[in-house]
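Number of protein chains: 2
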Amino acid sequence: MQTEAELKDFILNGHLYYIPHVSIDCAIFGYHEQQLKLLLIKHKAIDGWCLPGGYIKRTEKLVEAAERNVKVRTGVDNLFLQQFKTFGDPDRIQFNKFDQQQWLELTGIESWEDTWLFDQTISVGFYAITDFSQTELQTDITTEKCAWFDIDALPGLEYDHDEMVREALHTMRVQLYHYPIGINMLPEKFTLSEIHALYETLLGKKLDISNFPKKLMALGLLEKLNEKRSIGAHRSPHLYSFNKEKYGEALKNGVVLN
Amino acid sequence: MQTEAELKDFILNGHLYYIPHVSIDCAIFGYHEQQLKLLLIKHKAIDGWCLPGGYIKRTEKLVEAAERNVKVRTGVDNLFLQQFKTFGDPDRIQFNKFDQQQWLELTGIESWEDTWLFDQTISVGFYAITDFSQTELQTDITTEKCAWFDIDALPGLEYDHDEMVREALHTMRVQLYHYPIGINMLPEKFTLSEIHALYETLLGKKLDISNFPKKLMALGLLEKLNEKRSIGAHRSPHLYSFNKEKYGEALKNGVVLN
Numbered sequence: 001m002q003t004e005a006e007l008k009d010f011i012l013n014g015h016l017y018y019i020p021h022v023s024i025d026c027a028i029f030g031y032h033e034q035q036l037k038l039l040l041i042k043h044k045a046i047d048g049w050c051l052p053g054g055y056i057k058r059t060e061k062l063v064e065a066a067e068r069n070v071k072v073r074t075g076v077d078n079l080f081l082q083q084f085k086t087f088g089d090p091d092r093i094q095f096n097k098f099d100q101q102q103w104l105e106l107t108g109i110e111s112w113e114d115t116w117l118f119d120q121t122i123s124v125g126f127y128a129i130t131d132f133s134q135t136e137l138q139t140d141i142t143t144e145k146c147a148w149f150d151i152d153a154l155p156g157l158e159y160d161h162d163e164m165v166r167e168a169l170h171t172m173r174v175q176l177y178h179y180p181i182g183i184n185m186l187p188e189k190f191t192l193s194e195i196h197a198l199y200e201t202l203l204g205k206k207l208d209i210s211n212f213p214k215k216l217m218a219l220g221l222l223e224k225l226n227e228k229r230s231i232g233a234h235r236s237p238h239l240y241s242f243n244k245e246k247y248g249e250a251l252k253n254g255v256v257l258n
Numbered sequence: 001m002q003t004e005a006e007l008k009d010f011i012l013n014g015h016l017y018y019i020p021h022v023s024i025d026c027a028i029f030g031y032h033e034q035q036l037k038l039l040l041i042k043h044k045a046i047d048g049w050c051l052p053g054g055y056i057k058r059t060e061k062l063v064e065a066a067e068r069n070v071k072v073r074t075g076v077d078n079l080f081l082q083q084f085k086t087f088g089d090p091d092r093i094q095f096n097k098f099d100q101q102q103w104l105e106l107t108g109i110e111s112w113e114d115t116w117l118f119d120q121t122i123s124v125g126f127y128a129i130t131d132f133s134q135t136e137l138q139t140d141i142t143t144e145k146c147a148w149f150d151i152d153a154l155p156g157l158e159y160d161h162d163e164m165v166r167e168a169l170h171t172m173r174v175q176l177y178h179y180p181i182g183i184n185m186l187p188e189k190f191t192l193s194e195i196h197a198l199y200e201t202l203l204g205k206k207l208d209i210s211n212f213p214k215k216l217m218a219l220g221l222l223e224k225l226n227e228k229r230s231i232g233a234h235r236s237p238h239l240y241s242f243n244k245e246k247y248g249e250a251l252k253n254g255v256v257l258n
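Protein chains in written order, with UniProt numbering: chain A, 1 to 258; chain B, 1 to 258.
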């Protein structure tokens, strides 16, 4: 939404284009050089930070709704979004936190409770991991700002979004053992130290470096190149790359990594 | 629902007690002596088999809705239900498959399209594993029958329920590597062969028996008892049991098994 006319129509008639009672929320993790961040937004009508999200068009699949909502609210595009959990609890949203004055005048409606927006909502959580240095953030008419926060220094989030972040992190870390990760977050050719640092940062714990890449190699995901990188007088570590075919298969079928 | 009056009220006024546009569907896997089965129901108003499911009361958490729906439709109680995926696609439900004559007369409504039930629905999938020999099946007023089917001989299911079963099986098999399983499906004291057979049956593949229990032992989940079972002249395998404390912790925090 970019105009007030669109916003007014959304409040008055949104239930005709969107599925009421169901929303999407997205935990977008950003990795770059051993830092892990989370993308948060500040709605104009809510005092505090939230995960980006929104509603599902009646013509959309869930994942399409997630992609569209992340893009319009944050400018971030082409994410590989994965569902992690759906949240439903009568107490999960406190509507009184919504600033009622800001937009009510626009619509001519007397009370927010007369709109389709103020009723119980189930929210489907998606997560993604991207390189935050490659993203260009931008906001829409309902969003005051969006920004990357260090995963260890998050502000307290609105509604049940703290719980969502915990669940998203847990699922992301479990899925690191079952799906390949790294394309788009590592250079085309990388050292074992670089992929090791990626895994350690995402997992939030130390991994045995001598043992770690063996399984990736055994699965055929990682290929040792006949090439080294010179990083100092006596230091020229071997370069590796992903086998894209095996990587694609593993994304589809899953693997077991330990 | 057990009476026609309740059914009529559900069709006419259900949107006041239930959240419209959101349903629950449950894949209940049943294990017993190396057999894996799935619990299916036949609604009176739909020609074909479905997963048990239903709507979420406005006062319920999601998992409570799942437990209640499984119990009323199938009689099966006390399940450890886990979310696996939420399904949303404009084409996922074909309402014309619904037998419109059976209950319309009861309500006095002219067309199903005038009810809250005939609009787009997102469905939250849950799965559970139980010992099917311990269950007592029973039906409610909307259910013609419910029954256990061998996992390798399922009928084609209605709507998107075939996809739901595939996704539930996939998630269950991934989660076998991250959460303990077996209490309620094995005797209090069991042999390594018995727990090995449980894992092989659930995973649908062979596991190396010499290697398999080591990780369970190393994690402290499995304890070797100073006791043997006599099953023949020269065969008396050691008995094992779960360490309930470690098992509970692992259920809560997850583990990595390989």
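Using N, Cα and C, we set each Cβ at its ideal position, and we do this for glycine too. Predicted model only: the values in this text are computed from it and were never measured.
**Request:** Could you tell me which chain A residues have their CB closer than 7 Å to the CB of residue 86 of chain B, listed as they occur along the chain?
**Result:** Against the second sequence, residue 86 of chain B aligns to sequence position 86. At a beta-carbon threshold of 7 Å, the residues of chain A lying near residue 86 of chain B are 62, 83, 86, 124, ordered along the chain.
**Request:** Output yes if chain B places a C-beta closer than 8 Å to the C-beta of residue 59 of chain A; else output no.
**Result:** The residue labelled residue 59 of chain A in the question sits at position 59 within the first sequence. A Cβ of chain B is located within less than 8 Å of the beta carbon of residue 59 of chain A.
**Asked** Using DSSP with H/G/I as helix, E/B as strand and the rest coil, what is residue 58 of chain A?
**Response** Taking the first sequence and counting its residues from 1, one reaches residue 58 of chain A at position 58. In the three-state scheme derived from DSSP, where H, G and I count as helix and E and B as strand, residue 58 of chain A is classed as coil.
**Prompt:** In chain A, which residues lie with their C-beta within 8 Å of the C-beta of residue 180 of chain B?
**Reply:** As a first step, residue 180 of chain B must be located in the second sequence, where it is residue number 180. Within chain A, no residue has its CB atom less than 8 Å from the CB of residue 180 of chain B, the nearest being about 14 Å off.
**Prompt:** Just checking my contact of residue 44 of chain B with residue 142 of chain B at CB under 8 Å: how many whole Å lie between their CB atoms?
**Reply:** To locate residue 44 of chain B, count along the second sequence from 1; it is residue 44. To locate residue 142 of chain B, count along the second sequence from 1; it is residue 142. About 6 Å; that satisfies the 8 Å criterion.
**Prompt:** How many angstroms separate the CA atom of residue 139 of chain A from the CA atom of residue 71 of chain A?
**Reply:** Locating residue 139 of chain A in the first sequence gives position 139, where the first residue counts as 1. Locating residue 71 of chain A in the first sequence gives position 71, where the first residue counts as 1. Residue 139 of chain A and residue 71 of chain A: Cα-Cα distance of roughly 9 Å.
**Request:** Identify the continuous beta strand (DSSP E) that holds residue 261 of chain A and give its terminal residues.
**Result:** For residue 261 of chain A there is no data in the structure shown, the boundaries of chain A being 1 and 258.
**Message:** Between residue 161 of chain A and chain B, is the shortest Cβ-Cβ distance under 8 Å, so that the two count as touching?
**Reply:** Residue 161 of chain A sits at position 161 when you count from the first residue of the first sequence. No, because no Cβ of chain B sits closer than 8 Å to the Cβ of residue 161 of chain A.
**Message:** Less than 8 Å between CB atoms is the rule here; does residue 89 of chain A satisfy it with respect to chain B?
**Reply:** Walking along the first sequence from the start, residue 89 of chain A turns up at place 89. Residue contact with chain B for residue 89 of chain A: present (Cβ-Cβ distance below 8 Å to some residue of chain B).
**Prompt:** Does the beta carbon of residue 254 of chain A come closer than 8 Å to any beta carbon on chain B?
**Reply:** Translated into the one-based positions of the first sequence, residue 254 of chain A becomes position 254. Residue-level contact check: residue 254 of chain A touches chain B, since one or more beta carbons of chain B fall below 8 Å from its beta carbon.
**Prompt:** Can you check whether the CB of residue 129 of chain B is closer than 8 Å to the CB of residue 181 of chain B?
**Reply:** As a first step, residue 181 of chain B is located in the second sequence; it is residue number 181 there, counting from the start. As a first step, residue 129 of chain B is located in the second sequence; it is residue number 129 there, counting from the start. Yes, the pair counts as a contact, with Cβ atoms nearer than the cut-off.
**Request:** Tell whether a beta-carbon distance below 8 Å holds between residue 11 of chain B and residue 117 of chain B.
**Result:** In the second sequence, residue 11 of chain B corresponds to position 11, counting from 1. In the second sequence, residue 117 of chain B corresponds to position 117, counting from 1. Against a cut-off of 8 Å, the Cβ pair of residue 117 of chain B and residue 11 of chain B comes out as a contact.
**Prompt:** Roughly how many angstroms separate the alpha carbons of residue 192 of chain A and residue 80 of chain A, rounded to a whole number?
**Reply:** The residue labelled residue 192 of chain A in the question sits at position 192 within the first sequence. The residue labelled residue 80 of chain A in the question sits at position 80 within the first sequence. Approximately 24 Å, taken between the alpha carbons.
**Residues near residue 224 of chain B in its chain [Cβ-Cβ closer than 7 Å; skip 5 each side]** = In the second sequence, counting from the first residue as 1, residue 224 of chain B sits at position 224. Counting only residues of its own chain and dropping the five nearest sequence neighbours on each side, residue 224 of chain B has a CB closer than 7 Å to the CB of 238, 240.
**Message:** Taking DSSP's pairing of strands, which residues face residue 35 of chain B in a bridge?
**Reply:** Here residue 35 of chain B refers to the residue found at position 35 when the second sequence is read from its first residue. In the DSSP assignment, the residues bridged to residue 35 of chain B are B:32.
**Where the alpha helix (DSSP H) through residue 111 of chain A begins and ends** = Position 111 of the first sequence, counted from the first residue, corresponds to residue 111 of chain A. If you look at residue 111 of chain A, you'll find it isn't in any alpha helix (DSSP H); DSSP assigns it neither H nor E.
**Message:** Please identify the residue among B:131, B:76, B:82, B:108 whose C-alpha is closest to the C-alpha of residue 187 of chain B.
**Reply:** Within the second sequence, the letter at position 187 stands for residue 187 of chain B. Of B:131, B:76, B:82, B:108, the residue nearest in Cα terms is B:131.
**Message:** Can you give me the C-alpha to C-alpha distance between residue 211 of chain B and residue 222 of chain B, rounded to a whole angstrom?
**Reply:** Start at 1 with the first residue of the second sequence, and residue 211 of chain B comes out as number 211. Start at 1 with the first residue of the second sequence, and residue 222 of chain B comes out as number 222. Using only the alpha carbons, I get a separation of about 14 Å.
**Request:** Could you spell out the range, first to last residue, of the beta strand (DSSP E) harbouring residue 77 of chain A?
**Result:** Looking up residue 77 of chain A in the first sequence gives position 77. In this chain, residue 77 of chain A is not harboured by any beta strand (DSSP E), its DSSP state being neither H nor E.
**Message:** As a quick exercise: from A:49, A:109, A:215, pick the residue whose alpha carbon is nearest that of residue 160 of chain A.
**Reply:** Working through the first sequence from its first residue, we reach residue 160 of chain A at position 160. Ranked by Cα distance from residue 160 of chain A, the options A:49, A:109, A:215 are led by A:49.
**Request:** Give the single residue among B:27, B:14, B:8 whose Cα lies nearest to the Cα of residue 151 of chain B.
**Result:** As a working note, residue 151 of chain B is residue 151 in the second sequence. Of the candidates B:27, B:14, B:8, the one whose C-alpha sits nearest the C-alpha of residue 151 of chain B is B:27.
**Prompt:** Would a C-beta distance cut-off of 8 Å place residue 122 of chain A and residue 22 of chain B closer than the cut-off?
**Reply:** The count along the first sequence starts at 1 and reaches residue 122 of chain A at position 122. The count along the second sequence starts at 1 and reaches residue 22 of chain B at position 22. Taking 8 Å as the Cβ cut-off, residue 122 of chain A and residue 22 of chain B qualify as a contacting pair.
**Request:** Might you give, ordered along the chain, the residues of its own chain that have their beta carbon closer than 8 Å to the beta carbon of residue 175 of chain A, omitting 5 neighbours on each side?
**Result:** One-based indexing of the first sequence puts residue 175 of chain A at position 175. Excluding its 5 nearest sequence neighbours in each direction, residue 175 of chain A has C-beta neighbours in its own chain below 8 Å: 82, listed in chain order.
**Prompt:** Any residues in the stretch 15–48 of chain B with a beta carbon nearer than 7 Å to a beta carbon of chain A? Which ones, in chain order?
**Reply:** Cβ contacts with chain A come from 19, 20, 21, 22.
**Prompt:** What residues in the stretch 116–149 of chain B have a beta carbon less than 8 Å from any beta carbon of chain A?
**Reply:** Against chain A - using a Cβ distance shorter than 8 Å - the residues of the stretch 116–149 of chain B are 120, 122, 124.
**Asked** What is the C-beta distance between residue 171 of chain A and residue 34 of chain A, in whole angstroms, given that I count them as a contact (C-beta under 8 Å)?
**Response** Here the question's residue 171 of chain A lines up with position 171 in the first sequence. Here the question's residue 34 of chain A lines up with position 34 in the first sequence. With 8 Å as the limit, residue 171 of chain A and residue 34 of chain A do not qualify as a contact, their Cβ atoms being about 22 Å apart.
**Item:** Which of helix, strand or coil DSSP assigns to residue 25 of chain B
**Value:** Here residue 25 of chain B corresponds to residue number 25 of the second sequence, with the count starting at 1. Residue 25 of chain B falls in the strand class under three-state DSSP.
**Item:** Of the listed residues B:92, B:14, B:167, nearest to residue 252 of chain A (C-alpha basis)
**Value:** Numbered from 1 along the first sequence, position 252 holds the residue referred to as residue 252 of chain A. Between residue 252 of chain A and the set B:92, B:14, B:167, the nearest pair of CA atoms involves B:167.
**Message:** Just checking: is the beta-carbon of residue 174 of chain B within a distance shorter than 8 Å of some beta-carbon in chain A?
**Reply:** On the second sequence, residue 174 of chain B is found 174 positions in, with the first residue counted as 1. For residue 174 of chain B, a Cβ of chain A is located within less than 8 Å of the residue's own Cβ.
**Asked** Which full runs of the alpha helix (DSSP H) of 4+ residues lie inside the stretch 156–197 of chain B, going along the chain?
**Response** Annotation note: the stretch 156–197 of chain B contains the following uninterrupted alpha helix (DSSP H) runs of length 4 or greater, listed N- to C-terminal: 161–175.
**Prompt:** Of all Cβ atoms in chain B, is any one closer than 8 Å to the Cβ of residue 56 of chain A?
**Reply:** One-based indexing of the first sequence puts residue 56 of chain A at position 56. At a cut-off of 8 Å between beta-carbon atoms, residue 56 of chain A makes contact with chain B.
**Item:** Distance CB(residue 126 of chain B)-CB(residue 84 of chain B) smaller than 8 Å
**Value:** Start at 1 with the first residue of the second sequence, and residue 126 of chain B comes out as number 126. Start at 1 with the first residue of the second sequence, and residue 84 of chain B comes out as number 84. Cβ distance < 8 Å, so residue 126 of chain B and residue 84 of chain B count as in contact.
**Segment limits, alpha helix (DSSP H) that includes residue 268 of chain B** = Since the first residue shown for chain B is 1 and the last is 258, residue 268 of chain B is missing from the structure and cannot be characterised.
**Prompt:** When we look at the beta-carbon of residue 232 of chain B and count the other beta-carbons within 10 Å, is it buried (16 or more) or exposed?
**Reply:** Residue 232 of chain B sits at position 232 when you count from the first residue of the second sequence. Exposed, by the Cβ-count rule.
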